[in-house]
Amino acid sequence: MNQLAPPARTIDPRFAGGVAYSQGRYMPVGEASISVLDFGFTRSDSAYDVVHVKDGAFFRLDVHMARFAASMQKRRLAPPEGLSMIEAILHRITWLTGLSDAYVAMIAVRGRPKPGLPRLIANCENHFVAYAIPWIDVLSPEVQARGGHLWIAGTPRIPDESLDPTAKNYNWMDFNQGLMEAQDHGFDTTVLCDAAGLVTEGPGFNVFVVKGDTLSTSGHGVLEGITRRSVLELAPELGLAPRVGPITRAELEEADEVFITSTAGGVMPISRVNGRIMNNDSPGPMSRRMKDLYWQAHGREAWRTPVRGA
Ligand SMILES: Cc1ncc(COP(=O)(O)O)c(C=O)c1O
């Protein structure tokens, strides 16, 4: 029996570059805006999360929703849209773009104090914004193929005691300073150490070190990345023992292999760390295998949620 192909869907051309949701409305992403009076703008007072869509399905959407809920709670943000409505909005914005591979962001914003009330955080009307846009990689595919060049920044990571890194946030000025240092030295990106010289994370990614059969990543000063979590869960399938704990700057510089992980790009091999050139200036074998396994794992039923229409 012949299978009929599903009818082709017509995508509104205004939505080709991405779709946003704000205040109950769906719109082309370029039309979404935020008030200059919003504490989300003037104080970076927000919490967010990013999930990717690959081959028409969200990757580990349940884990992203749980992390977003926890980030909002830590920041005392409670937009009127509840979690199940937020999830429905993510489906809708992605479906409207017609994209099968997408970067989907959800953001809870503080808002501004209600008219006539004192300028207190508690008096702000929180709101929710989301957008789905074409795929984004932290390192371009060309850089991933040759291995990224990672600069260890002189700028220390803001301490966990000052800013909880497990609540995903836009307080990025320490990262930005590190990125400027990396740029000045001709490197692709940067990793920040804490005040004690222990490795933390970089702008939009966690860092992994392979030494022998052990795969290590930092347990403090970091966002608990969902790519990181997936890699830790997949490590035994490659015969690697996962370890979450302190990594010194020297351990990073003397690693057999280094790779970084992010929803925006997956597992991305590193070939240079400051002056050190690794694996003949190319991605290491374990990093390549982990990258392949991570993308294959996108086919596992438990980790995929197909994007729903309407
Ligand atoms: C600071 C920071 N660390 C780590 C990550 C990686 O987290 P995930 O793998 O959940 O994307 C991100 C992602 O944007 C990030 O912003």
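Going by this note's numbering, the sequence shown opens with residue 55, and the numbers climb by one from there. Glycine residues also receive a C-beta, built at the ideal position from the N, C-alpha and C atoms. All values reported here derive from a predicted model rather than from experimental measurement.
Asked	Found
Coil, strand or helix - His-181 by DSSP	strand
Under the three-state DSSP convention, the category Val-117 falls into	helix
Same chain, Cβ closer than 6 Å to Lys-108, neighbours up to 5 away in sequence not counted	Asp-155 and His-352
Among Asp-248, Asn-230, Glu-141 and Arg-200, nearest to Glu-215 - alpha-carbon criterion	Asp-248
Exposure label - Met-234; buried when at least 16 CB within 10 Å	exposed
Closer than 7 Å: Leu-277 CB and nearest ligand 1 heavy atom	yes
Ligand 1 heavy atom lying under 7 Å from the CB of Asn-225	no
Whole-angstrom distance between Val-90 and Ile-147, CA atom to CA atom	25 Å
One or two residues paired with Pro-167 in a DSSP bridge	Cys-178
CB-CB length for Val-105 against Thr-317, believed under 8 Å	6 Å
Supposed close pair Thr-254, Val-298 - CB separation, criterion 8 Å	Contact doesn't hold; Cβ gap of about 13 Å is too wide.
Helix, strand or coil at Asn-230 according to DSSP, with G and I counted as helix	helix
Nearest to Arg-283 (by Cα), restricted to the options Ile-175, Pro-300, Phe-262 and Leu-153	Phe-262
Three-state secondary structure assigned by DSSP to Lys-265	strand
Alpha carbon of Ala-356 to alpha carbon of Leu-288, nearest angstrom	14 Å
Where Thr-148 sits in the DSSP three-state scheme	helix
Identity of the residues DSSP links to Pro-188 by a beta bridge	Ala-156
Cβ contact (3+ pairs, closer than 8 Å) linking the stretch 184–201 and the stretch 133–149	yes
Met-344 versus Gly-320, Ala-70, Tyr-224 and Ala-250, residue with shortest Cα-Cα distance	Gly-320
Residue range of the unbroken alpha helix (DSSP H) whose run includes Trp-349	339–350
Nearest neighbour of Asp-99, chosen from Trp-226, Ile-301 and Ile-143 [CA to CA]	Trp-226
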